[in-house]
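Which chain is which? The protein sequence lines are A and B, in order.
Using this note's numbering, the final residue of the first sequence is 295, and nothing's skipped along the way.
Using this note's numbering, the final residue of the second sequence is 296, and nothing's skipped along the way.
All residues carry an ideal CB built from backbone N, CA and C; glycine is no exception.
Since the structure is predicted, the reported quantities are computational estimates derived from the model, not experimental observations.
These notes are about the structure you will find just below.
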Amino acid sequence: MKKSWPLYVLCIPAFVFVCIFSYGPMVGLLMAFQDYKPWLGITGSRWIGLDNFERIFQYKEATQAIVNTLIIAVSKIIVGIIVPIVMAILLSEIRNMGIKKSVQTLVYLPHFLSWVTVAGLMIDILGLDGGINHILTQIFGNDPIYFLGDPDLFRFTVVISDVWKSFGFGMIVYLATIAGINPSYYEAAEIDGATRRQQIRYVTLPSMLPMIIVISTLSLGNILDAGFDQVFNLYNPLVYSTGDIIDTYVYRSSLLNGQYGFGTAVGLFKSGISLILIVVSYRLAYKYANYKIF
Amino acid sequence: MYHKTTGYRVFSYFNYAFMILAGLACFLPLLHLLAQSLSSKAAISGNMVSFWPVGFNVDAYIKTFNNSNFNGAMLTSIIRTVLGTTISMFILTCAGYALSKEFRGRNVLMWFFIFTMLFSGGLIPSYILITALGLKDTIWALVLPGAFGAYNLILLVNFFKTIPKALEEAAFIDGASFFVILSKIYLPLSLPGIATVSLFIMVGHWNSWFDGILYMSDASKYPLASFLQTVVVQSNMQNMAMSQSEVAAMSEQSIKAAQIFVSTLPIILVYPFLQRYFVKGIVLGAVKE
C-alpha cells in the first residue's frame, strides 16, 4: 500500500469546517435545558431541566405546529412520490425524442427557482384578482377564492405548489431506471401477446420497484420537514392555525420573541425525532432494496 | 404490434397533449411574469396581461437597474456565489477524492461527515455561533456555514469511484503524486460530477435568502434573494428608495415582476447547458450497482 498521509491532508479542510459549523452549533443545544439569557451566555444562564420540553406540549400553538407539520409533510411525501412515478412512465411512452427532451428540460426548471421567486409567482397568480381566480370567476361565475388566506385551503395550496416545483426533478431517477430496463423483456412480453398496458404493469413497474422502495423509505426521514422556505414565504397570520409548521414556529417564538431556550428545545425535539426516523428509514432501505449511502 | 392498436393510438395522442401541457405549466408562469414586467400600469391593473405584454414599455427595468439598492444586492449575490462555490468545491473535491480511496479510518471519517446530514444544532444555536464568531454583517456569514454539504460529498465520492483504478496505478508507477493524479486525471474525467455539484452549490447560493435576512442587520447588505424577499413577499417598497410620485406612476406588480425576472435570468441561462451533466450526475450518484 502506498503512503496514505496525503489522503488525510486532503480531508483536513472538510474536517475543520464540519467541526466548526456543523458540530459547533450542537454545543448550543445545551440552551434547550436552560432559561437562556443572551447577556449571560450558556455558561451563565440558569439550568431548568426539561421545563422547555414540557412547555412544547402545554402551548397550544406549539402542538398545533407539530400537527400541521405532520399533515403537510405526509401529504407532500405521498403526492411527491406518486406524481413523479406516473409522469416518468407517461413521459417514457413519448417516442418523439424532440418533444421528450423539450418536456424534460421544461419540467426540471422549477426545481432551480428559489421559493422567493415561486412565492412571488403564487402571490400574483393565486391572488384575489390573479390569473386562477380570473379563470374561475369567468367560467364558473363564483366568488374569487383567497387561496393563501383561507386556512382550509392553505395546506392544499402548499402541497400543490410543492408538487409543481419538484415533480420534474423527482422524475430523473425513475426515467433513468426505465431507460435501463432490458428491451428484451418488452420483446418477450410482446411475443406473449401483452398489451402496452400489461407491459407497464408486469415489466416497467416491477423494474422500478426497488427505486420506489428506496425513495419512499428514505422520505420517511423528512416527516417533520414541511419546508420552511416555502411556508415562510407563503403564509400569513390568517392561516397560522393550519399552516404554521415547527420551523416557522421556532423562528417566531425564539428569534422574534426572544425565547431562545424554548425555541432551541422545539428544534432539538424535531431533530431528535428526525434522526431516529432517518436511521430507521436507512435500515429499511438497506433491508428491502439493498441500498447503501456510499 | 402494440402501437398499431387503436386504443394505444388514442392514449398516445392524449399522452402527447398531457405531457406538452405539463411542460408548459412549468414555464408559462415565468412567461406571465415577463409579460407583466413589460406591460403598462393600466394593462396590469385591468387584468389584461396574460402571456404577452400589453402597452409595451421597459420602465420597470430602467427603474430596477437604476436602483442602487437592487444593484448593491446583485453585486453581493455575485460575490457570494463565486466565493462560496469556489470554497465549497475546493473542500469537497479534496475530501471527495480522498474518501473515494481505501485508507485506515476512512469509514469513521465518512460517518463523521454524514452525521451532519442526519442531525444539526438547529436555527438558534447556529445563529448564536455565527454571532459569537463575529461573522454577523459580513459576507462570510453567508459563505462559510454552508460550505460543506454531506450530500454533495456523497455525490462526488460516488463519482470518483467510477474512475478506473488502473489509470491511477499507471500514473503512480510513472511517479505521479496524489495531487497530480487528482488534478490531471480525476478532475478532467469527473467533469460531469463536478459540474453537477457546482451547479447545485451555485444555484443554492444564488437562491439563498433566509441567511441574508438572519445575519445582516441592515437591508443594504442583503444579497439579491433576501432583498427580493422583502420587496416581493413582504411588499416592502421602501427598500426600492423611490419617491411617492414615482411609485404612483409605476405598477408595483410590474416592478416586482421585472425584479423576479432579472434575478432568475442567470439560472434560466446557465441551466440548459449544465442540464445534460446534472441528469448524468444525479443518476450516477443515486443509482449504484
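Give the straight-line distance between the Cα atoms of residue i and residue j, rounded to the nearest whole angstrom.
i	j	result
Ile179 of chain A	Leu219 of chain A	20 angstroms
Ser255 of chain A	Ser261 of chain B	36 angstroms
Met223 of chain B	Arg16 of chain B	58 angstroms
Phe166 of chain B	Leu196 of chain B	10 angstroms
Leu11 of chain A	Val17 of chain A	11 angstroms
Trp48 of chain A	Arg56 of chain A	15 angstroms
Met2 of chain A	Gly211 of chain B	The predicted model places Met2 of chain A with a pLDDT of 49, which falls under 50 and marks its position as unreliable, so this point remains unresolved.
Thr249 of chain A	Asn214 of chain B	19 angstroms
Gly14 of chain B	Val80 of chain A	28 angstroms
Thr88 of chain B	Leu107 of chain A	24 angstroms
Leu6 of chain B	Pro111 of chain A	For chain B, the structure presents residues 8 to 296; residue 6 of chain B sits outside this window and is missing.
Val87 of chain A	Cys33 of chain B	17 angstroms
Asp225 of chain B	Asn183 of chain A	58 angstroms
Glu94 of chain A	Asp153 of chain A	37 angstroms
Ile220 of chain B	Val115 of chain B	36 angstroms
Ile173 of chain A	Phe113 of chain A	14 angstroms
Phe58 of chain A	Ala154 of chain B	36 angstroms
Phe270 of chain A	Gly222 of chain A	14 angstroms
Ile43 of chain A	Met212 of chain A	45 angstroms
Gly262 of chain A	Pro39 of chain A	10 angstroms
Met317 of chain A	Met26 of chain B	In the structure as shown, chain A starts at 2 and stops at 295, and residue 317 of chain A therefore has no counterpart that could be examined.
Val164 of chain B	Glu109 of chain B	12 angstroms
Phe141 of chain A	Val84 of chain A	28 angstroms
Arg156 of chain A	Pro279 of chain B	32 angstroms
Arg198 of chain A	Glu191 of chain A	11 angstroms
Lys293 of chain A	Val204 of chain A	25 angstroms
Tyr287 of chain A	Val281 of chain A	10 angstroms
Tyr236 of chain A	Gln260 of chain A	22 angstroms
Using DSSP with H/G/I as helix, E/B as strand and the rest coil, what is residue i?
i	result
Arg284 of chain A	helix
Arg96 of chain A	coil
Asp36 of chain A	strand
Trp216 of chain B	coil
Trp147 of chain B	helix
Trp59 of chain B	coil
Arg113 of chain B	helix
Within its chain, find whatever has a CB closer than 7 angstroms to the CB of residue i; leave out the 5 residues flanking it on each side and keep chain order.
i	result
Gly62 of chain B	Ser46, Ser47, Ala49, Ala50
Gly121 of chain A	none
Tyr158 of chain B	Met124
Glu175 of chain B	Ile188, Ile192
Ile201 of chain A	Ile90
Ile67 of chain A	Ile247
Leu129 of chain A	Pro145, Tyr147
Give me the Cβ distance between residue i and residue j, rounded to the nearest whole Å; I'm assuming they're in contact under 8 angstroms.
i	j	result
Leu235 of chain B	Val117 of chain A	5 angstroms
Ala42 of chain B	Ser19 of chain B	That belief does not hold up - the Cβ atoms of Ala42 of chain B and Ser19 of chain B are roughly 33 angstroms apart, past 8 angstroms.
Leu127 of chain A	Ile133 of chain A	6 angstroms
Val104 of chain A	Ala29 of chain B	7 angstroms
Ile124 of chain A	Leu149 of chain A	7 angstroms
Asp245 of chain A	Asn69 of chain A	6 angstroms
Pro14 of chain A	Phe185 of chain B	Not confirmed; about 15 angstroms, so no contact.
Starting from the C-beta of residue i, find all residues in its chain whose C-beta is less than 6 angstroms away, skip the five residues before and the five after it, and write them out in chain order.
i	result
Ile214 of chain A	Tyr289, Ala290
Lys77 of chain A	Val160, Asp163
Gln1 of chain A	Residue 1 of chain A lies beyond the residue range present for chain A, which begins at 2 and ends at 295; the question has no answer from this structure.
Leu285 of chain A	Thr218
Ser270 of chain B	Leu231, Leu235
Ser233 of chain B	Trp216, Gly219, Ile220
Ala63 of chain A	Ile57
Leu142 of chain B	Ala148
Give me, in chain order, the residues of the same chain whose beta-carbon lies closer than 8 angstroms to that of residue i; leave out the 5 immediate sequence neighbours on both sides.
i	result
Ala202 of chain B	Leu281, Tyr284, Phe285, Gly288
Phe268 of chain B	Leu37, Leu40, Leu41, Ser44
Ile98 of chain B	Ala154, Phe155
Ser127 of chain B	Ser133
Val19 of chain A	none
Taking a Cβ distance cut-off of 9 angstroms, strictly less, list which residues of the segment 30-42 of chain B are near chain A, in chain order.
Gly30, Leu31, Ala32, Cys33, Phe34, Pro36, Leu37, His39, Leu40
Near-chain B residues of the segment 80-106 of chain A (beta-carbon distance less than 9 angstroms), N- to C-terminal order
Met88, Leu91, Leu92, Glu94, Ile95, Arg96, Asn97, Ile100, Lys101, Ser103, Val104, Gln105, Thr106
At a CB distance below 8 angstroms, what residues from the segment 264-282 of chain B approach chain A? Give them in sequence order.
Ala264, Ile267, Ser270, Thr271, Ile274, Ile275, Tyr278, Pro279, Gln282
Contact residues within the segment 211-237 of chain B, judged by C-beta distance below 9 angstroms to chain A:
Trp213, Asn214, Ser215, Trp216, Phe217, Leu221, Ala232, Ser233, Leu235, Gln236
Using Cβ-Cβ distances below 9 angstroms, what residues of the segment 115-134 of chain B are close to chain A?
Leu116, Met117, Phe119, Phe120, Ile121, Phe122, Thr123, Met124, Leu125, Phe126, Ser127, Gly128, Gly129, Leu130, Ile131, Pro132, Ser133, Tyr134
Members of the segment 228-250 of chain A that neighbour chain B once the beta carbon cut-off is set at 8 angstroms:
Phe229, Asp230, Phe233, Asn234, Asp248
Taking Cβ-Cβ distances below 7 angstroms as the criterion, which residues of the segment 3-24 of chain A are in contact with chain B?
Lys3, Ser5, Pro7, Leu8, Leu11, Cys12, Pro14, Ala15, Phe18, Val19, Phe22, Ser23
Which residues, in chain order, does the segment 250-274 of chain A contribute to contact with chain B at a C-beta distance below 9 angstroms?
Val251, Tyr252, Ser255, Leu256, Tyr261, Gly262, Gly264, Thr265, Val267, Gly268, Leu269, Lys271, Ser272, Gly273
Which of the residues in the segment 173-196 of chain B, read from start to end, lie with their CB under 9 angstroms from any CB of chain A?
Phe179, Ser184, Phe185, Phe186, Leu189
With 9 angstroms as the C-beta to C-beta threshold (strictly closer), list the residues of the segment 113-133 of chain A near chain B in chain order.
Phe113, Leu114, Ser115, Trp116, Val117, Thr118, Val119, Ala120, Gly121, Leu122, Met123, Ile124, Asp125, Ile126, Asp130, Gly131, Gly132
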